[in-house]
Structure formats: C-alpha cells, structure tokens
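Residue numbers (the numbering used here), protein chains in the order written: chain A, 2 to 228; chain B, 278 to 494.
Structure below.
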C-alpha cells in the first residue's frame with residue numbers, strides 16, 4: 002500500500018449520476034486513494050468548476066495537490082500513472098493501444114449513438130436501437146473467453162464500459178426498449194454479473210433505485226414517454 | 278529479417294500525417310501504403326474492420342488504429358529516442374488533454390471551412406478561430422506545446438498546418454492575423470525533418486479541397 006504524505010490532497014468534482022464521474026471514483030477506490038468528493042450541480046455550475054475546467058466547464062475534474070485534470074479518459078490514465086497499485090492499463094504498448102481504442106469506442110460510438118434513443122419513438126427509435134446493437138456486438142465479441150475486458154481482472158475498458166452496464170442497461174427499464182437483450186448479448190450479460198461480483202464496482206456505482214428515479218425524472222423532463 | 282512496419286494512409290489526411298511524423302521522429306523506417314477510398318484494400322478492411330479508416334499502423338503483424346493511438350503507440354514501442362511526453366504524470370495528462378482538444382474542437386470546425394459553404398462554413402470558421410485562440414493561449418511563449426521539445430500535442434496539431442492555406446482560401450480569412458504565435462510555431466515545426474517530410478505541399482492540398490468542393494457543393 003503506497004504511503005500517503007499529509008500534503009497529498011485529492012479532490013474530485015463530480016456528479017453522482019454521471020458515468021464519467023463514477024468511473025473516476027471506481028479507479029480511485031480500486032487504487033485505495035482517499036479523496037474528497039464535491040458534488041456539482043450541473044444546472045448551476047460552481048465558480049470552482051468553471052475555474053478548474055475553463056475549456057469544457059464539465060465534470061469530472063480531478064484536483065491533485067491543487068492541480069486540475071479534466072476529461073475522464075485523461076484522468077484515468079493520470080490516476081494509473083500516479084498510483085501504481087492495481088494497474089488499470091496493460092503494460093504492453095499494443096495491449097494499451099487496444100484498451101484506448103475500446104474506451105474511445107464506448108464513449109464516442111456507443112454512448113453517442115445510444116443517447117439518440119432518448120426522445121425518439123416508432124421507426125426512428127428502432128433504427129437507433131439497431132445501430133446501438135450493431136456497435137454493442139463488437140463489445141460482445143471482445144468478451145468471448147474473458148471474465149472482463151481486462152482479462153481475468155477489471156481494467157481500463159471495464160471501468161469505462163460501466164457506462165453500458167449501469168447506464169445504458171438501466172435506461173432500458175425506463176425507456177421500455179430492451180436494447181441489450183440477453184439472448185443477443187449473453188457475453189455482455191455475463192460480464193455485468195462479473196462486475197457486480199466486484200466490491201469496488203458495487204461500492205462505486207449509483208444505487209439502483211435512486212438512479213432509476215433520477216433517469217425517470219430526467220426523461221419526463223425531456224417529455225419522453227416511458228414504458 | 279524483421280518486416281518493416283506498414284502504414285496504411287491517405288496522402289491529404291492530417292490524421293495519417295500524424296502517424297508519419299511520429300514514425301520519423303523516432304527514426305523508424307516504415308512502408309507507406311496509399312489507400313484508395315473508393316476501393317479499400319483487404320488489409321485495411323481486415324486491420325480496421327470496425328471503422329475501416331486510416332491511419333492504421335501494422336507492426337509485428339498487429340494493427341493499431343486511430344491516429345492518436347498510433348502516435349502514443351509509436352512513442353511506447355520505440356521509447357529510446359525523442360520521447361513525445363514529459364516524464365511527470367501531470368505533464369502527460371496535460372498533453373493528452375490538449376491533443377484530445379485538437380480532436381474535439383479543431384477537426385469538425387476545420388472541415389466545415391473547406392468542406393462546406395454558407396452558414397455551416399461561417400459557423401465552422403467561428404469555431405475554428407475560437408479553438409485557435411485557445412490553443413495560442415496554451416502555447417504561450419513556449420517554442421513548442423511540449424515546452425522546449427517537440428512533443429505529442431505538437432504532432433497532433435502540426436499536420437493541420439498543411440491545410441492552413443486551404444482554410445484561408447476557402448474561408449476567406451487570415452489565420453496569421455487571428456493567431457500570429459500559432460503561425461510562428463508552425464514555421465518552427467516545419468523546420469524539423471520529420472515534419473516537412475511528412476506533410477504534403479499546401480498547394481496540393483488546396484487543389485484537393487477545390488476538387489472536393491467542386492464535386493460536393
């Protein structure tokens with residue numbers, strides 16, 4: 002266990018229901034790093050947030066010894082390089098490149114496409130669901146023969162893909178469309194069970210009931226018909 | 278004898294250029310293969326079956342896709358010469374942040390300038406200038422984004438400079454008047470062999486963009 006000096010100060014500006022914020026909490030917890038969490042109201046951003054992330058004005062922002070780091074994937078790599086216990090990224094350059102590729106795939110392809118489901122009905126919605134499933138199929142294939150994307154233990158891609166396990170799949174309940182049915186995605190479902198068997202994950206994901214309530218309320222605000 | 282790394286690329290692509298610069302910075306000999314997008318090679322389709330895009334670097338038979346991944350991979354696979362990142366994690370995080378900024382804010386904006394017209398083009402111009410000003414502030418008085426040495430952020434951005442003339446011509450504005458420091462930085466980078474050998478002539482890019490506009494707008 003790494004020694005921590007008194008001057009080491011770790012603060013996370015985040016938001017309890019954000020997958021990008023939660024993934025940072027997972028990484029810090031996995032590494033045994035103590036941190037102070039500061040809940041941001043994203044509808045009324047604090048002056049601290051605006052000061053620490055002037056470029057995007059978004060959470061999460063990690064502040065370590067007074068220095069801010071933004072963008073969740075950048076923060077994750079920073080955490081991995083700073084606290085060396087329980088490595089998140091592989092050492093091998095090729096494996097690392099693959100991990101980075103899949104992380105971007107989740108954030109830039111799956112997330113962006115899946116978000117389009119919100120507010121759509123009928124044929125339009127079906128088309129987005131189909132497109133999301135096509136993308137998820139790549140993840141499905143990646144998991145064959147593995148407990149986690151990282152292999153036998155949780156890694157970078159698993160942490161990033163919690164977005165799929167605990168956000169996309171939770172939204173299904175409310176939007177009333179099974180985007181990730183178990184018959185089409187048995188590996189993903191198996192992987193989610195593996196995630197839920199991990200203490201750090203269980204501790205760091207938003208509590209299900211509250212989370213579902215939050216998603217429902219947000220959908221209603223966006224005037225989305227729920228199932 | 279080991280096979281040379283293969284770079285699947287496309288001559289006007291600023292993303293492909295990043296890979297070229299990275300490999301040359303490390304003094305790595307590689308086989309450059311030009312892809313024809315109307316007829317993508319089997320190798321490209323197999324190596325990047327998800328996105329089917331260039332650049333793809335194939336090293337020891339294994340493909341690395343996406344330009345910034347390729348640049349980081351090159352840095353890690355050939356660590357002895359010209360490191361692209363500082364050694365401290367905070368400096369590395371800052372470099373990753375800014376290269377990601379280039380991808381997020383610069384890419385779409387610059388395309389709208391040469392690839393669109395009317396309102397979309399104007400919007401692109403505005404976004405581009407905003408992004409350029411932010412980058413110029415980040416550069417400050419440093420010779421390179423990396424500080425004293427040419428690094429990751431420099432590689433991620435310099436390749437767009439081959440397109441500056443096209444942006445100015447089709448967007449009808451002067452980048453230098455918006456951002457003199459950035460132009461000075463670009464000139465400095467262009468003195469490096471890895472850069473001038475990897476970037477095509479601006480004139481050729483202007484002609485390429487003109488052809489695109491003729492066929493698409």
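Yeah, the Cβ is synthetic: ideal placement off N, Cα and C, and Gly gets one too.
At a cut-off of 9 Å, the C-beta of residue 114 of chain A has no neighbouring C-beta in chain B.
Counting the other CB atoms within 10 Å of its CB gives residue 326 of chain B a total below 16, which places it among the exposed residues.
Here DSSP, grouped into helix, strand and coil, assigns residue 336 of chain B to strand. At a cut-off of 9 Å, the C-beta of residue 139 of chain A has a neighbouring C-beta in chain B. Residue burial annotation: residue 122 of chain A is exposed, with fewer than 16 other C-beta atoms found within 10 angstroms of its C-beta. The distance from the Cβ of residue 163 of chain A to that of residue 20 of chain A is about 6 Å, consistent with a contact at the 8 Å cut-off.
For residue 492 of chain B, no chain A residue has a C-beta closer than 8 Å to its own C-beta; the minimum C-beta separation is roughly 28 Å. In the three-state DSSP reduction, residue 421 of chain B falls in the strand class (E or B).
Between residue 433 of chain B and residue 344 of chain B, the C-beta gap is smaller than 9 Å, which places the two residues in contact. Of the residues assessed, residue 364 of chain B falls on the exposed side of the cut-off, its CB having fewer than 16 other CB atoms within 10 angstroms. 327, 339, 341, 342 and 343: these are the residues of the stretch 311-345 of chain B whose beta carbon lies less than 7 Å from some beta carbon of chain A, given in chain order. Counted as a single uninterrupted DSSP element, the alpha helix (DSSP H) harbouring residue 490 of chain B occupies residues 479-493. When the beta-carbon positions are compared, residue 107 of chain A and residue 176 of chain A stay at least 9 Å from each other. In the three-state DSSP reduction, residue 68 of chain A falls in the strand class (E or B). Distance check between residue 105 of chain A and each of A/125, A/144 and A/160 places A/160 closest, using alpha-carbon atoms only. Note on geometry: alpha-carbon atoms of residue 117 of chain A and residue 129 of chain A lie some 7 Å from one another.
In the three-state reduction of the DSSP assignment, residue 315 of chain B falls in the coil class, being assigned neither a helical nor a strand state. The Cβ-Cβ distance between residue 98 of chain A and residue 359 of chain B does not fall below 9 Å.
For the stretch 367-384 of chain B, the set of residues with a beta-carbon nearer than 7 Å to any beta-carbon of chain A comprises 367, 369, 370, 373, 374, 377 and 378, in chain order.
With 16 or more other Cβ atoms from the protein chains shown falling within 10 Å of its own Cβ, residue 54 of chain A counts as buried.
By the beta-carbon neighbour count (other beta carbons within 10 angstroms, threshold 16), residue 48 of chain A is exposed. Per DSSP, residue 154 of chain A lies in no alpha helix (DSSP H) segment and is marked neither H nor E. Secondary structure within the stretch 110-162 of chain A: the alpha helix (DSSP H) runs of 4 or more consecutive residues, fully enclosed, are 112-116 and 123-143 (chain order).
According to the DSSP assignment, residue 39 of chain A belongs to the beta strand (DSSP E) that extends over 37-40.
Of all residues in the stretch 75-89 of chain A, only 75, 78, 79, 82 and 83 place a beta-carbon less than 7 Å from a beta-carbon of chain B. Contact check for residue 340 of chain B against residue 293 of chain B fails: the beta carbons are separated by 9 Å or more.
At a cut-off of 9 Å between beta carbons, residue 180 of chain A makes no contact with chain B. For residue 71 of chain A, the neighbours in chain B by C-beta distance under 7 Å run, in chain order, 374.
At the C-beta level, residue 38 of chain A and residue 12 of chain A come within 9 Å of one another.
Here the stretch 387-401 of chain B does not lie against the stretch 312-325 of chain B, with fewer than 3 beta-carbon pairs under 8 Å apart. In the three-state reduction of the DSSP assignment, residue 310 of chain B falls in the strand class. If you compare the alpha carbons of A/31, A/66, A/65 and A/16 with that of residue 45 of chain A, the shortest gap goes to A/16. Taken in chain order, the members of the stretch 406-423 of chain B whose beta-carbon sits within less than 8 Å of a beta-carbon on chain A are 411. Residues 421, 466 and 469 of the same chain have their beta carbon placed closer than 7 Å to that of residue 427 of chain B, with the five preceding and five following residues left out of the count.
Taking every protein chain shown into account, the CB of residue 303 of chain B has 16 or more other CB atoms within 10 angstroms, so this residue is buried. When the five nearest sequence neighbours on each side are left out, the beta carbons in the same chain lying within less than 8 Å of the beta carbon of residue 397 of chain B are those of 389, in order along the chain.
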